[in-house]
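Undergrad:
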Amino acid sequence: MFSELFLPVLMVIFMLVVGGYAVAVLDRLVASALGTPQAGGIWLAPMARGAWLLTQHANATEAPDWRAWRLAPALYLALAASGLAVVPWSASLVATDLITSVVLWGSVEALATVVIFLHGWSANSLLALIGGYRYVALGLSYILISMFVLIGVALPAESLQFTQVVASQEGLWNVIRQPLGLPLFLIVGLGMTFWGPLNLADSTDLAGGTASEISGPPRLVWDMARAAMLVAFSGVAATAFLGGWLGPWLPGPLWMSLKMLAVLSVLLLLGRLLPRLAPERCVTLMWVVLLPLSFIDLVWAGAVALWE
Amino acid sequence: MTLTTLLLLAAALIGIGIYGALSQQSFVMLMMGLELILNGVMLAAVAFWAFSGAGAPEGQLLTIIVMAVMAIEMAMGFALVVAVFRGKQADMTESLTGLKH
Amino acid sequence: MELFALLVILIVVLGAGLLVQWLPMRHQPRPSWSQRVPFLGGGTPDSHAWSRYHVRYYSMTLLLIAFEMEMMFMYPWAVVFVETGMKAMMEMGMFLAILSVGIVYAWREGVFKWQ
Amino acid sequence: MAVNRLHKLASRGSVPVFPVLGKQGDGVLRHLALSPQIELVDSPRYASVLLVAGEIPADRFEPLRRVHDQLPYPFTTLWFRSEPWPHLERVARIDDLDDLPGALVTVHRELMEGRRDSAHRLLPDKPPNPWEGEGDFGQGGEGMMGGVPYGRPMAMNMADDIRDGLTLDSLTFRLGPFFFALPPGMAAEITLQGDLVQTWKTQLAPYPQPLDKVFFDARERPVPIAEVELARARHHLHRLFHALHLAGLENVSLRTLRLAHGLSTSSTLDGLRRALSRSGFFRLTAGGGALGPEQARMIGGPAARAAGMDDDLRSEDAGYRRLGFSPVYQAEGDTHARWRQLLDEIDQSLHLARLAERDKIHTERAGSVETPRGPWSERRPADASALFDELLPGLEWGDALATVASLDVAALADQPVGARPSGESRAVGGGTGSDV
Amino acid sequence: MESMNHGLGVDIAFLLLAALAVVTGWRVFRTDSMVRASFFLLVSFIAVGVIMILLAAEYLGVAMFFMMAVEMTVMALFMVMFMMNPAGLNPMNMVHQERIAIGAGVAGFLVLGAMALLAAFPDQPVPAGLEPVRSLGNEMLGDSMLIFESAGLVLLTTMIGVVVLSSHRGRYGAAAEGSMPPGLEPGSDPAGKPEEDEEGEHHHHHHHH
């Protein structure tokens, strides 16, 4: 009973906490590397920020949808947790090994759009509402690209299970076998965690967008959920494209965390280097440029899977 | 979790869907009722697939086709609402007598 | 059994998210009305933000629901692709071609622009 | 015991400051952006210290009270070179720019460790309209769309949508003088339908912006061209800093600010220009807002040159002619063209400054000078914020704010930078005037 | 899939999920805020999806999640766009012919319930070793390939129909401008033009079509 139930829960909670902290520290490292000096110790700053948010009072708007407003950050955190639960750390060490874990990750992405819109809507304030609605345009567009790319990954594995997907990359990692896959999937990752160029939900021109009316503990949970979703996404990207736990010499989980850190730093770097896209151009880009590219990636993956 | 309990649940969902579709004044809420009916139909289809269909693949395909019907019905329904709303800002089922003008 | 573990994980993390918000706020006073005015750089809104919001991409969303169905068909196809070989590739190629005709038509009609 | 350990930990982080800009306040903003321990935030909800930078005119006191009350507990205020309100107790007032960051850190630390108690709300604790117990079910509203449910009326549809004929609810609100994306001090009444601007009425014009002293001297007597061109380049870089923050490029905007801070004839723009063009700043970000010919003539200066008009007072000046100056201009006149124009002008100014410094050339023609805001012959360039009223309707929210950030509409102040407004008694303390 | 052998945990889970589905289904029509209504429906769909997973139809259950998440988001957008008082700030009663609706609902439930209780359905449970996704895939590409391709065609017609109906500004300019119904005989003035349009070509936005 223990290993069946409590081990997965402990694993996911451990990944959430350590992953969230790693994202905060890595973000500050990338910022100071790119020239924004960071005050105080980079390792201590996330703790100090969390403590400050816990002591700050939570804000309220005039007539919010209270339950949905408090539920949305927690739901986003729960989605990140279910994403992390599906990531395999080694052939046997995986929190929940569903037969259709690839489809479950697709539904986590779709439900993330629902939760972010709910967070923007339930504050009943203008800037949050615009942020929520703008994000849904992006949120509904990146789902298709993500699914084409993930189906391309599932082709050689002949199954929708992440452990099988990793097993199918025994000979060659998908990042080399399907070259278009990882770049497209990184764009989906930026969209899903509204980070950097695709940050239409909590952008600076909306004074914080969906999060412009929250402060104190709700904002702490929202930031932690965003960091956790970044970790979950980098886990899935490492599993689908970088061969998960496969790798010479080092043990499986160590390889997995190295690959996740690599994907995380690429995402954080992209987030700092690229300006925010205009929403209209973003939707057109997704549908007219990236979708055909994911078609090509799928056909490429099919051809390679057939001739192997 | 026997076949009858599943069918009772599906019947309950279909009942609520019928109530919703008939009682709501707004076109969009009426479509919510239809969605709930199709939800019950899908549950019944899977229940039959699992208990008395010996896992026949056609059962799953039927469920996917019902989902396709739900998606298409919803898309066309909202497109009609947009077209009608652009004509005359009406959303109540009573006032939508004619589609022509 | 994995499903049960997944549900437990969801419930535990959801509870943790709500608890972290609720515990510190238990003894915080309800903010005053002057603090609850939405932030507009010192300005005030005339009405509630909740309104019949004029979404500008509504035809894109409708197009998406129809296109989303393709996803439903493609996952099982991916599982049996290697077994069935070239036949599967041809069938899915036809399926994708049919639906991409719809997208090219929508693009020509300017559906992806802000209506 | 655990609580004050939390407070002690909280006091060690960076100081979240929400800056409210008064006259000559944006210089303070740029100075603080460079100090690492201060974190300038976009919304009062994210701050624990409200910094009032520069003197706030009386017609903006009401919005300032609103913003003051929107900070969550525990918070406090700090007044820089402006008179704090009498009824705020134990409020710090700073006049010297150099010890402002230090003062902010100490105020924040005191606040976190409880040595300084939080400021109190100024406005009464009353809903915008009384609603408890009124209306059909006591929520202050009647019927479907009537009454003031929970204190505010419901949004009604005022006018047809200007683009796709669906008449849905439009949201009217006033975007205040302290919204960081607008030029300091500007307030406007905006009507949106969805995120598309239907109408834009500028209500409070932005504060007149002070220019470098060298432009004032250039009107009386010949001044070295190198100094004029460096001041022009610094002004453009400061505007680029605000726009890049709005576009989400934090690091590049701080790099622009550092470049402006230590600007000399030897500094170049190439690294920055490559970073911007490679990141797609000129193609994929929010754009739009193309100026018509008469609008361009009305505003003048770089914005007009971005719209294809090549009039520049410098081309009539013999000194510039000797340096081989010819005005650079774009064609489209929209937001991206204005940014390309700005970068070209900075490049040109640095090039002219290098040549002029080598040959010690001075301006010849006194009486009129081409300021970064526009030509200044007999009258100072006036405020052009009325331009937004016709330019912005029809733009999406992001495009509208990008257009506002790209257009320099504020009028020129009668005093150069750093000179205290006549009303102030004490002259500015240590700090050199020019670096504000 | 041991979940099929009717363990106690599975039965409890089923009862909880059934209650959740019915209650949220009921709340859909009882709540005032449209966004809450659509997301209650989403919760009801998710509950049905989890029940499907319990029934060993793994793929269908999880596919329900992402399919319904997208549809309910779009449903929420449109309900807020077209419904008066979308956020339910003024509690409203948008119901008509209440009695008939309740009667029809209860009647429907009774009829189907009776059928469920009385009819004898063949008892052929799913074979243990069946892989649902693989059997669905083979079925789709093999015997019922025709259904699969015709579904694609129907989806194409839906996409074109949706774009024609909903987008205002097509390639040839706005839909409303200048679009006049054709005359009965070629070249005659448009048939069925309402009288009030006679007073000149003044193009009025509202009642032009």
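Each protein sequence line maps, in turn, to chains H, V, B, E and D.
Heads up, the first sequence stops at 1506 in our numbering, and the numbers go up one at a time, no gaps.
Heads up, the second sequence stops at 136 in our numbering, and the numbers go up one at a time, no gaps.
Heads up, the third sequence stops at 865 in our numbering, and the numbers go up one at a time, no gaps.
Heads up, the fourth sequence stops at 441 in our numbering, and the numbers go up one at a time, no gaps.
Heads up, the fifth sequence stops at 217 in our numbering, and the numbers go up one at a time, no gaps.
All C-beta atoms, glycine included, are put in the ideal place defined by N, C-alpha and C.
Please compile the residues from chain E whose C-beta is within a distance smaller than 9 Å of the C-beta of P99 (chain D).
TA: Taking the first residue of the fifth sequence as position 1, residue 99 (chain D) is located at position 91. Going along chain E in sequence order, the residues near P99 (chain D) (Cβ under 9 Å) are D141, F142, Q144, G146.
Undergrad: Of all the CB atoms in chain E, is at least one closer than 9 Å to the CB of H798 (chain B)?
TA: Residue 798 (chain B) sits at position 48 when you count from the first residue of the third sequence. By this cut-off, H798 (chain B) is an interface position.
Undergrad: For the segment 1258-1345 of chain H, list the alpha helix (DSSP H) runs that are entirely contained and at least 4 residues long, ordered along the chain.
TA: For the segment 1258-1345 of chain H, whole alpha helix (DSSP H) runs of length 4 or above, ordered along the chain, are 1264-1283, 1299-1319.
Undergrad: Could you give the distance in angstroms between the alpha-carbon of F83 (chain V) and the alpha-carbon of E66 (chain D)?
TA: Counting from one through the second sequence, the residue named residue 83 (chain V) turns up at place 48. Counting from one through the fifth sequence, the residue named residue 66 (chain D) turns up at place 58. Near 15 Å, if we compare the C-alpha coordinates of E66 (chain D) and F83 (chain V).
Undergrad: Pick helix, strand or coil for A106 (chain V), following the three-state DSSP scheme.
TA: The sequence position of residue 106 (chain V) within the second sequence is 71, counting from 1. A106 (chain V) falls in the helix class under three-state DSSP.
Undergrad: Does the Cβ of I759 (chain B) have 16 or more other Cβ atoms within 10 Å, making it buried, or fewer, making it exposed?
TA: For the purposes of this step, residue 759 (chain B) is taken as the residue at position 9 of the third sequence. I759 (chain B) is buried by the Cβ-count criterion.
Undergrad: By how many angstroms is the C-alpha of W1267 (chain H) removed from the C-alpha of Q771 (chain B)?
TA: For the purposes of this step, residue 771 (chain B) is taken as residue 21 along the third sequence, with counting starting at 1. For the purposes of this step, residue 1267 (chain H) is taken as residue 69 along the first sequence, with counting starting at 1. Distance between the alpha carbons of Q771 (chain B) and W1267 (chain H) is about 11 Å.
Undergrad: Which of the three DSSP states, helix, strand or coil, is assigned to Q1362 (chain H)?
TA: Taking the first sequence and counting its residues from 1, the one referred to as residue 1362 (chain H) is at position 164. Helix, per DSSP.
Undergrad: Could you spell out where the beta strand (DSSP E) holding G379 (chain E) opens and where it closes?
TA: Stepping through the fourth sequence from its first residue, residue 379 (chain E) is reached at position 374. That run of the beta strand (DSSP E) goes 379-381.
Undergrad: Are the C-beta of R1247 (chain H) and some C-beta of chain E separated by less than 9 Å?
TA: By one-based count along the first sequence, residue 1247 (chain H) stands at place 49. Yes, R1247 (chain H) lies at the interface with chain E (some Cβ there is under 9 Å from its Cβ).
Undergrad: List the residues of chain B whose Cβ lies closer than 8 Å to the Cβ of F1493 (chain H), in chain order.
TA: As a working mapping, residue 1493 (chain H) is identified with position 295 in the first sequence. Residues of chain B passing the Cβ test: L846, S850.
Undergrad: What residues match up with R98 (chain E) in a beta bridge as DSSP calls it?
TA: Taking the first residue of the fourth sequence as 1, we reach residue 98 (chain E) at position 93. Paired residues: E:W84.
Undergrad: Buried or exposed for S196 (chain D), going by 16 or more other Cβ atoms inside 10 Å?
TA: Working through the fifth sequence from its first residue, we reach residue 196 (chain D) at position 188. Its Cβ having fewer than 16 others within 10 Å, S196 (chain D) is exposed.
Undergrad: Can you give me the Cβ contacts of P94 (chain D) inside the same chain, cut-off strictly under 8 Å, excluding the 5 residues immediately before and after it?
TA: The residue labelled residue 94 (chain D) in the question sits at position 86 within the fifth sequence. Excluding positions up to five away in sequence, the list reads S41, M42, V43, M87, V88.
Undergrad: On the CB-based measure, 16 or more other CB atoms within 10 Å of its CB, does A323 (chain E) come out buried or exposed?
TA: Against the fourth sequence, residue 323 (chain E) aligns to sequence position 318. A323 (chain E) should be labelled exposed.
Undergrad: Chain V partners of D40 (chain D), CB-CB under 7 Å?
TA: What you label residue 40 (chain D) is simply residue 32 of the fifth sequence in a count that begins at 1. Within chain V, no residue comes near D40 (chain D); the closest Cβ sits about 12 Å away, beyond 7 Å.
Undergrad: Please list the partners that A1293 (chain H) has in chain B, where partner means a Cβ-to-Cβ separation under 9 Å.
TA: Residue 1293 (chain H) sits at position 95 when you count from the first residue of the first sequence. Correct list: E752, A755, L756, I759.
Undergrad: Under a CB-based cut-off of 9 Å, is F712 (chain B) close to chain D?
TA: Outside the shown range of chain B (751 to 865) lies residue 712 (chain B), about which nothing can therefore be said.
Undergrad: From P158 (chain E) to P1271 (chain H), what does the alpha carbon distance come to, in whole angstroms?
TA: Translated into the one-based positions of the fourth sequence, residue 158 (chain E) becomes position 153. Translated into the one-based positions of the first sequence, residue 1271 (chain H) becomes position 73. Distance between the alpha carbons of P158 (chain E) and P1271 (chain H) is about 29 Å.
Undergrad: In chain D, which residues lie with their C-beta within 8 Å of the C-beta of L1175 (chain H)?
TA: Residue 1175 (chain H) is absent from the structure shown; chain H starts at 1199 and stops at 1506.
Undergrad: Can you confirm whether the segment 1377-1386 of chain H touches the segment 1314-1328 of chain H when touching is taken to mean that 3 or more C-beta pairs between the two stretches lie within less than 8 Å?
TA: These segments do not touch.
Undergrad: Hey, V20 (chain E) and L102 (chain E): beta-carbon distance below 9 Å or not?
TA: Translated into the one-based positions of the fourth sequence, residue 20 (chain E) becomes position 15. Translated into the one-based positions of the fourth sequence, residue 102 (chain E) becomes position 97. No.
Undergrad: Do you know how far the Cα of H243 (chain E) is from the Cα of I271 (chain E)?
TA: Here residue 271 (chain E) corresponds to residue number 266 of the fourth sequence, with the count starting at 1. Here residue 243 (chain E) corresponds to residue number 238 of the fourth sequence, with the count starting at 1. Strictly speaking, residue 271 (chain E) in this sequence is Ser, with Ile absent from that position. Spanning the two alpha carbons is a distance of roughly 18 Å.
Undergrad: Going by beta-carbon coordinates alone, are Q105 (chain D) and S61 (chain V) separated by less than 9 Å?
TA: Here the question's residue 105 (chain D) lines up with position 97 in the fifth sequence. Here the question's residue 61 (chain V) lines up with position 26 in the second sequence. No, Cβ-Cβ distance for Q105 (chain D) and S61 (chain V) is not below 9 Å.
Undergrad: Cα-Cα, which of E:L268, E:L396, E:H240 is closest to L417 (chain E)?
TA: Looking up residue 417 (chain E) in the fourth sequence gives position 412. For the residues E:L268, E:L396, E:H240, the minimum Cα distance to L417 (chain E) belongs to E:H240.
Undergrad: Classify N9 (chain E) as buried or exposed, calling it buried when 16 or more other Cβ atoms lie within 10 Å of its own Cβ.
TA: Numbered from its first residue, the fourth sequence carries residue 9 (chain E) at position 4. So N9 (chain E) counts as exposed.
Undergrad: Using only the alpha-carbon positions, how far apart do G156 (chain E) and S1339 (chain H) sit?
TA: Here residue 156 (chain E) corresponds to residue number 151 of the fourth sequence, with the count starting at 1. Here residue 1339 (chain H) corresponds to residue number 141 of the first sequence, with the count starting at 1. G156 (chain E) and S1339 (chain H): Cα-Cα distance of roughly 37 Å.
Undergrad: What residues in the segment 87-113 of chain D bring their beta carbon closer than 8 Å to a beta carbon of chain E?
TA: Within the segment 87-113 of chain D, the residues whose Cβ lies closer than 8 Å to some Cβ of chain E are M89, M92, N93, L97, N98, P99, M100, listed in chain order.
Undergrad: Compare the C-beta of R168 (chain E) with all C-beta atoms of chain B and state if any pair is closer than 9 Å.
TA: What you label residue 168 (chain E) is simply residue 163 of the fourth sequence in a count that begins at 1. Yes, its Cβ sits closer than 9 Å to a Cβ of chain B.
Undergrad: Give the list of continuous alpha helix (DSSP H) stretches no shorter than 4 residues that lie fully inside the segment 1425-1505 of chain H.
TA: List check, alpha helix (DSSP H) in window: 1450-1471, 1477-1482, 1489-1505.
Undergrad: For a contact meaning CB atoms closer than 8 Å, what does L1309 (chain H) contact in chain D?
TA: As a position in the first sequence, residue 1309 (chain H) is number 111, starting the count at 1. Going along chain D in sequence order, the residues near L1309 (chain H) (Cβ under 8 Å) are F73, F74, A77.
Undergrad: Between L62 (chain D) and chain B, is any beta-carbon pair separated by less than 9 Å?
TA: To locate residue 62 (chain D), count along the fifth sequence from 1; it is residue 54. Yes, L62 (chain D) counts as interfacial toward chain B.
Undergrad: Name, please, each residue of chain D whose Cβ falls closer than 7 Å to the Cβ of V117 (chain V).
TA: As a first step, residue 117 (chain V) is located in the second sequence; it is residue number 82 there, counting from the start. Those are L173, S174, listed as they occur along chain D.
Undergrad: Distance, Cα to Cα, E194 (chain E) vs A160 (chain E)?
TA: Within the fourth sequence, residue 194 (chain E) is the residue found at index 189, counting from 1. Within the fourth sequence, residue 160 (chain E) is the residue found at index 155, counting from 1. Rounded to whole angstroms, E194 (chain E) to A160 (chain E) spans 15 Å at the Cα level.
Undergrad: Cβ of R35 (chain E) versus every heavy atom of the ligand SAH: is any distance shorter than 8 Å?
TA: Annotation note on the ligand SAH: not contained in the displayed structure, which lists no ligands.
Undergrad: Starting from E44 (chain E), follow its DSSP beta bridges and name the residues at the other end.
TA: Numbered from 1 along the fourth sequence, position 39 holds the residue referred to as residue 44 (chain E). Partner(s): E:P21.
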